[in-house]
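*Asks:* Handing you a structure now.
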Amino acid sequence: MAGRLLILDQMTRAEPLSFQDLILTLHAYWSEQGCVILQPHDVEVGAGTLHPATVLRALGKKPWRAAYVQPSRRPGDGRYGENPNRLQHYYQYQVILKPNPINMQALYLGSLRAIGLDPTLHDVRFVEDDWENPTVGAWGLGWEVWCDGMEVSQYTYFQQVGGLDVDLVAGELTYGLERLAMYVQGVDSIFDLKFNKAGVTYGEVFLENERQGSTFNFEVADVDTLKRQFEDMERQVPRILAHKGPQGQPVVLPAYDHVLKASHLFNLMDARGAIAVAERQNYIGRIRDLAKMCAQKWVEAEQGEDARG
Amino acid sequence: MAELLLELFSEEIPARMQRQAADDLARLVRSGLQEAGVDVSDVQTLAGPRRLTLIATGLPLSQPDRSEERKGPRANAPEQALAGFLRSTGLTREQLVERDGILYATIEKKGRQTAEIIAELVDKVVRTFPWPKSMRWGSGTLRWVRPLQRIVCLLDGQVVPFEIDGVASADLTEGHRFMGDPAPFRVTSAADYRQKLEAHHVVLSAADRRQRILDGARAVCAVRGLELVEDDGLLEEVSGLAEWPTPLLGDMDPAFLTLPPEVIRTSMRTHQKYFAVRQPGQPGLAPHFVTVANIAPLDGGRLVLAGNSKVLSGRLSDARFFWSEDRKVPLDARLDKLKGVTFHAKLGTMYQRVERIEALARRIAPLVGAEPDLAARAAHLAKADLGTGMVGEFPELQGIMGGYYARGIEPDAVADAIRDHYKPQGPGDTVPDAPVTVAVALADKIDTLTSFFSIDEKPTGSRDPFALRRAALGVIRLILTNRVRVGLRSLFPAEVQDDLAAFFADRLKVMLKDEGRRHDLVDAVFALGDDDLVRVVARIDALTEHFQSQDIEALLAGYNRAANILKAEARKGTLPTGPVKVLPGAPVAEAELIGSLVHVAPLVEAAVRNEQFGPAMSTLGDLRQAIDAFFEQVLVNDPDPDIRDNRLKLLTQIRDTFHIVADFSLIGG
Numbered sequence: 120m121a122g123r124l125l126i127l128d129q130m131t132r133a134e135p136l137s138f139q140d141l142i143l144t145l146h147a148y149w150s151e152q153g154c155v156i157l158q159p160h161d162v163e164v165g166a167g168t169l170h171p172a173t174v175l176r177a178l179g180k181k182p183w184r185a186a187y188v189q190p191s192r193r194p195g196d197g198r199y200g201e202n203p204n205r206l207q208h209y210y211q212y213q214v215i216l217k218p219n220p221i222n223m224q225a226l227y228l229g230s231l232r233a234i235g236l237d238p239t240l241h242d243v244r245f246v247e248d249d250w251e252n253p254t255v256g257a258w259g260l261g262w263e264v265w266c267d268g269m270e271v272s273q274y275t276y277f278q279q280v281g282g283l284d285v286d287l288v289a290g291e292l293t294y295g296l297e298r299l300a301m302y303v304q305g306v307d308s309i310f311d312l313k314f315n316k317a318g319v320t321y322g323e324v325f326l327e328n329e330r331q332g333s334t335f336n337f338e339v340a341d342v343d344t345l346k347r348q349f350e351d352m353e354r355q356v357p358r359i360l361a362h363k364g365p366q367g368q369p370v371v372l373p374a375y376d377h378v379l380k381a382s383h384l385f386n387l388m389d390a391r392g393a394i395a396v397a398e399r400q401n402y403i404g405r406i407r408d409l410a411k412m413c414a415q416k417w418v419e420a421e422q423g424e425d426a427r428g
Numbered sequence: 056m057a058e059l060l061l062e063l064f065s066e067e068i069p070a071r072m073q074r075q076a077a078d079d080l081a082r083l084v085r086s087g088l089q090e091a092g093v094d095v096s097d098v099q100t101l102a103g104p105r106r107l108t109l110i111a112t113g114l115p116l117s118q119p120d121r122s123e124e125r126k127g128p129r130a131n132a133p134e135q136a137l138a139g140f141l142r143s144t145g146l147t148r149e150q151l152v153e154r155d156g157i158l159y160a161t162i163e164k165k166g167r168q169t170a171e172i173i174a175e176l177v178d179k180v181v182r183t184f185p186w187p188k189s190m191r192w193g194s195g196t197l198r199w200v201r202p203l204q205r206i207v208c209l210l211d212g213q214v215v216p217f218e219i220d221g222v223a224s225a226d227l228t229e230g231h232r233f234m235g236d237p238a239p240f241r242v243t244s245a246a247d248y249r250q251k252l253e254a255h256h257v258v259l260s261a262a263d264r265r266q267r268i269l270d271g272a273r274a275v276c277a278v279r280g281l282e283l284v285e286d287d288g289l290l291e292e293v294s295g296l297a298e299w300p301t302p303l304l305g306d307m308d309p310a311f312l313t314l315p316p317e318v319i320r321t322s323m324r325t326h327q328k329y330f331a332v333r334q335p336g337q338p339g340l341a342p343h344f345v346t347v348a349n350i351a352p353l354d355g356g357r358l359v360l361a362g363n364s365k366v367l368s369g370r371l372s373d374a375r376f377f378w379s380e381d382r383k384v385p386l387d388a389r390l391d392k393l394k395g396v397t398f399h400a401k402l403g404t405m406y407q408r409v410e411r412i413e414a415l416a417r418r419i420a421p422l423v424g425a426e427p428d429l430a431a432r433a434a435h436l437a438k439a440d441l442g443t444g445m446v447g448e449f450p451e452l453q454g455i456m457g458g459y460y461a462r463g464i465e466p467d468a469v470a471d472a473i474r475d476h477y478k479p480q481g482p483g484d485t486v487p488d489a490p491v492t493v494a495v496a497l498a499d500k501i502d503t504l505t506s507f508f509s510i511d512e513k514p515t516g517s518r519d520p521f522a523l524r525r526a527a528l529g530v531i532r533l534i535l536t537n538r539v540r541v542g543l544r545s546l547f548p549a550e551v552q553d554d555l556a557a558f559f560a561d562r563l564k565v566m567l568k569d570e571g572r573r574h575d576l577v578d579a580v581f582a583l584g585d586d587d588l589v590r591v592v593a594r595i596d597a598l599t600e601h602f603q604s605q606d607i608e609a610l611l612a613g614y615n616r617a618a619n620i621l622k623a624e625a626r627k628g629t630l631p632t633g634p635v636k637v638l639p640g641a642p643v644a645e646a647e648l649i650g651s652l653v654h655v656a657p658l659v660e661a662a663v664r665n666e667q668f669g670p671a672m673s674t675l676g677d678l679r680q681a682i683d684a685f686f687e688q689v690l691v692n693d694p695d696p697d698i699r700d701n702r703l704k705l706l707t708q709i710r711d712t713f714h715i716v717a718d719f720s721l722i723g724g
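Set out below in C-alpha cells:
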C-alpha cells in the first residue's frame, strides 16, 4: 500500500493527478486508514453527507469508518455550463471516521499531501464554519478548510443527527472534488479538467449534462408535478416506517430514501423559484420531521439488535 | 514568588471567539485564585488560532497557614458534648481555652500547596468555560470549542500534574502547524515559552498579529504605489486565522473593475477575507487584493497568490454573470416574480407588501416634501432587486443593487431611494434626508410594523425575530432627523393604533434615555399622549433645559404641594370643580394667586399651542412667587366649606396649568 501511495505521489510531481486519479488516490489513502470504500448512493442527494452511510451510521454506538464519492445535485447552482466554477451536478468525496481519532486533522492534512498539496507552499487554513443541515436535523462544529483562499473541504464534528445527540462523535470530511482537481491541475475551468490520463476532459463528459440539467431545473421542471411528488414522498415515509422486516426491525433504509427524494424535489422547486421565503421554513421543517422519524427508528433498531444479541 | 504558565492547546479556535476567551480565562483564573486565598500579582492572557495562554506572576507556592477558632460547648456541658467536640476538632481537653464559661478550640490549618489548588482550578475552568458554542469529540464527554489536544501547566517551572478527560498536563507544546519542525517541544518557563514559540513561527499576542498584518499589508501595497483600504472588522477576523500572518499582494483581473465597487468589496470581504486596494487619491478600487496567509511560503507566495487570484476570478465571474443577467430584465418586469414570493404566511405575498408600501409612500410624500408620484414609483421598485441573482448571492447588497439597476432608467431620486430605503439599519447607520428616500424608508418600516402587529407578532423580551424594534427606531430617527411633522397614529390602521403608539413611545423613551435624558422628564411628557414625535422631543428638550436651572426646584415644590393636597382630598371624596372666585375677605396672597393664574394660564396655553415650550416653562415660572406666598399665608383647609372648596378649585387650576406643558406629577421620582 505504501508503495502504491509513493507511486501516486511521484506521479503528482511529474504530472498533476487526473480527476479519476484524484479519486483513486483518496480511496487508497482512506482505505489505508481502515475505511470501507463505498460506492455512491443511488438516490439524488444535495450533498455526500446525506448518503445513509453518513447520516444514519453517525447515529448509535457502533464505530464506523467509510469513504466514498457521492454525486451531488444542487439544482439552483446550475449555470448552463457557462460558469467555469459552478455545476448543478458535481462530485463530493466523503469520509466519516466514528469516533473521530484524536489525530484526525493530521490524517486530513496527510490526504492533502497525498494529492500533491504541500502545506508549506500552499496556504492551508481552518476557518470556522459550523455545519448544519436543517433538512436532516443535523449539525456539528468544524471548519471550512481553505487552500490558497479556496474552500477545498468541509470538516465537521457531528453533534446531532436527525435531531438526536450522537453517542460517538463522528468526524466528517467533505472534499469538493472538481474544485480540488482544478486546483491540483491548475486549470481555470471545471470543463477543462483532465478526467483521465488519456486526454478526456470533464467537459466532454459533463458539459452537456450541465446545459440540459440547468434548462430542466430552471425552465422545464413542472412545479405542480414536483409539489405533488413531494407530497407523495411525504405520505410514504411514515407508512414505510410502520412496516417491519424479517427480524422485526423497522424498515428504515427505504423510508430514508423517500426522505432524500422529498429533499431533492424541494431543491428543484426552490430552483424554479416556487418556494417563498416564508414557505421555505415550512418545507424544511416537513423534511426534517421525516428525517427525524427515520433517525429515531434507526436508533431503536440498533438497540433492538443489541437486545437480540 | 512563582510564575504560572498555562496553555490550552486545541484545534483551530474560531477567530470571533478568541478575544472573549482570553478575557474569560483571565477572569476565571484570577477569581479562582482569589477565592482560594492565593495571591497573584499579574495575570496576562493571550489567544490565537490554536492556543489560549495564561501567564501569571507573583504566586506563593502554598496558601498561607491559617488558624481558626471554633466555638465549643459550655465548660459545664455534659461529658458527651465535650467528647463530641474533641473528636470533631482532633484536640484534647487541655488544648481548649475557656472564655466566659465557653470552650474554644484553636485549629491550625496548614496552607494547601498552590499546585494542588491550580490543578483543581484548571479542571473547573476547562469544564465550565463559557464558550459561545462548544462540542464533544471522539468518545469523550468533555466539551471545548474544538478538540483540546494538550495542556501545558507549569508552576515555578514544575509541571502541575492533573488530567482532564484523558488530556494530561505536561510541559510539551507545538509550534506552527506547517512551518519549521513539527515535533512537540519542552518549555521550562514563560520566557522560554515565548522565545521558543517565536522561534517556531507563532505570534502569540493578537495585538502583535494585528500590527504585523497592518504593517505588512501597508508595505506590500506601498511597494507597488498602492494604498490599503483599511477595514478594522476584517483585520480583527484575519488576525485570528493565522499564527504567522503574512500579508501578500495579489492581482485581480482589471476587467472586473466594471463591476460596482460594493460588489467587489463584498465578494472580497465576505467570501475571501481579502482587503481591497486602491490607488492613492483616486475613487474606486485598484485591480489588486491583499490576502493574509498563515505561512511565509518558500517561493515568496507565487503559488499562494496564483491560487488566490484564481479563486477571486471565480467569485467575480459569478458576480459578473449576475450583473449582466440581472440587467437584461428591467426592475419593472421583476415585480411579477414577487407575486409568487410569500412575505409571511399570514401576510400575503411580497407583491402585496410592495403595493402597501407604495400606497403608504404616496401618503407620506407630502409630509416630507417629496413628489408623491416619485415616492410611489420608488416604492414600487424598491423590492424588485430581491429577485435578482446578485442579491440572491449577496443579500447584504439588497437595495444597493436595485439602485444600480434603476440608475439611468429611472429618475435619480428614485434610484437613490431604492438604494437607501433600508436605512438606517442600525444605530451607527446614517439617516437618509432626500425627500423621496425618506418617504419610502418610512413606508417600508411602517408597513413592517403594522403588518406584524396586525398578526400579533410583537417583540417579547429578547425575542424580536422580525427586528421590529430596529424598524421602529429607524422610523423615529427618520422623523426626528428630517423633522417630519405628523401624528404617528394617523399612519397606522385603527386596529393596531394603540399598540403601535405604545410601542413607539417605549422605543423613543429607550432611545432618549440612552442618550442621557432624565427618565422622569421623558415620562412626564409622554404622559400627555402626544404622537407627534418632533413635538414630544422639543417638549422634553425644553423641560431638560429648565431643569438645569436652580429655580425649578422651588417651582416644583409649589406644584407638588398643590398636587399632594389634591391627592389627599381626592381620597376622601370627589374634588369640587368649577370656576375660582375671589371671595369677599379673601387673603391678599389668595387673590394675587388667582390673579396671576388668570393671566398666566392663557399665556402658557398659547405658548404650547405655538410649540414655544421654553417660553411656556418660563411663564409657568412666573407663578412661583404667588404660589409660595399662598402656601405661606393661607390655610387651604378652611372651616368654611365654601372657602375650602374655592381653594381646592384654585389648586386644581394650578395643577392643570402645569399639565399643559407636562405631567409634573411624574417628575423627581
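Taken in order, these protein sequences are the chains called A and B. If you count by this note's numbering, then the first sequence holds residues 120 to 428, one letter each, in order. If you count by this note's numbering, then the second sequence holds residues 56 to 724, one letter each, in order. All C-beta atoms, glycine included, are put in the ideal place defined by N, C-alpha and C.
#1: Name the DSSP beta bridge partners of LYS126/B, please?
#2: Taking only three categories from DSSP, how would you classify LEU101/B?
#3: Using a 10 Å radius around the Cβ and a threshold of 16 neighbouring Cβ atoms, would you call GLU323/A buried or exposed?
#4: ARG462/B touches chain A at which residues, Cβ-Cβ below 8 Å?
#5: Run through DSSP, which three-state label would TYR187/A get?
#6: Do GLY145/B and PRO119/B come within 8 Å of each other at the CB atom, strictly closer than that value?
#7: So, is the C-beta of ILE221/A closer than 8 Å to a C-beta in chain B?
#8: Taking 8 Å as the threshold, find out whether the segment 327–335 of chain A comes into contact with the segment 287–304 of chain A through three or more Cβ pairs.
#9: Mind listing which residues of the segment 195–208 of chain A have their C-beta closer than 9 Å to chain B's C-betas, in chain order?
#10: Pair every Cβ in the segment 316–327 of chain B with every Cβ in the segment 257–277 of chain B, then say whether three or more of these pairs are closer than 8 Å.
#11: Under 8 Å Cβ-Cβ, which residues of chain B neighbour PRO159/A?
#12: Would you say LEU240/A lies against chain B (beta-carbon separation less than 8 Å)?
#13: Taking Cβ positions, are GLY212/B and SER244/B nearer each other than 8 Å?
#14: Let me check understanding here. Comparing Cα to Cα, which of GLY259/A, PHE245/A, LEU260/A lies closest to SER272/A?
#15: May I have the straight-line CA-CA distance separating GLY235/B from ARG105/B, to the nearest angstrom?
#16: Counting only beta-carbon atoms, is ASP249/A nearer than 8 Å to chain B?
#17: Pick helix, strand or coil for ASN222/A, following the three-state DSSP scheme.
#18: What do you get for ARG129/B, buried or exposed, if any count of 16 or more other CB atoms within 10 angstroms of its CB means buried?
#19: Please report whether the beta-carbon of TYR402/A lies at a distance below 8 Å from any beta-carbon of chain B.
#20: I'd like to know whether the C-beta atoms of LEU671/B and ALA662/B end up nearer to each other than 8 Å.
#21: Who are the near neighbours of ALA468/B in its chain, counting only those whose CB is closer than 6 Å to its CB and skipping five residues on each side?
#22: Should MET120/A be labelled buried (16 or more other beta-carbon atoms within 10 Å of its own) or exposed?
#23: With 8 Å as the threshold, decide whether the Cβ of VAL339/A is near any Cβ in chain B.
#24: For CYS208/B, list the residues DSSP reports as bridge partners.
#25: Who are the neighbours of GLN368/A on chain B, taking C-beta pairs under 8 Å?
#26: Is the CB-CB distance between LEU721/B and ALA582/B below 8 Å?
#27: At 8 Å on the CB atoms, spell out the chain B contacts of ASP376/A, in chain order.
#28: Based on the DSSP secondary-structure assignment, which residues constitute the bridge partners of GLY295/A?
#29: Short of 8 Å in beta carbon distance, which residues of its chain neighbour ASP677/B, apart from the five on each side in sequence? Order them along the chain.
#30: With 16 as the cutoff for other CB atoms within 10 Å, does LEU127/A come out buried or exposed?
#31: Please report how far the alpha carbon of HIS476/B lies from the alpha carbon of PHE277/A, in whole angstroms.
#32: Please say whether VAL541/B and THR505/B have beta carbons closer to each other than 8 Å?
#33: Decide yes or no for the touch test of the segment 193–200 of chain A against the segment 144–153 of chain A: beta carbon pairs closer than 8 Å, at least 3 of them.
#34: Opposite LEU260/A in the DSSP bridges: which residues?
#35: Checking the sheet assignment: what are the DSSP bridge partners for GLN168/B?
#36: Compute the beta-carbon to beta-carbon distance between VAL174/A and LYS380/A, rounded to the nearest angstrom, for a pair I have assumed lies under 8 Å.
*Replies:* Working from what's here:
#1: TYR159/B
#2: strand
#3: exposed
#4: The contacting residues do not exist; ARG462/B stays about 25 Å from chain A at best.
#5: strand
#6: no
#7: yes
#8: no
#9: GLY195, ARG198, GLU201, ASN202, PRO203, ASN204, ARG205
#10: no
#11: Within 8 Å Cβ-Cβ: nothing; PRO159/A doesn't reach chain B, min ~26 Å.
#12: yes
#13: yes
#14: PHE245/A
#15: 16 Å
#16: yes
#17: coil
#18: exposed
#19: no
#20: The question names Leu, but residue 671/B in the sequence shown is Ala. Yes, these two residues count as a Cβ contact at 8 Å.
#21: LEU429, VAL491
#22: With a pLDDT of 38 at MET120/A, under the threshold of 50, the predicted position of this residue should be treated as unreliable, though the coordinate-derived value follows. Its Cβ having fewer than 16 others within 10 Å, MET120/A is exposed.
#23: no
#24: LEU61/B
#25: Simply none; closest approach about 25 Å.
#26: yes
#27: None at all; the shortest Cβ gap to chain B is about 30 Å.
#28: GLN211/A
#29: SER651, VAL655
#30: Note that LEU127/A has pLDDT 42, beneath the 50 cutoff, so the model's placement of it is unreliable and no number is given.
#31: 41 Å
#32: no
#33: no
#34: TYR276/A
#35: SER117/B
#36: That pair is no contact at about 14 Å.
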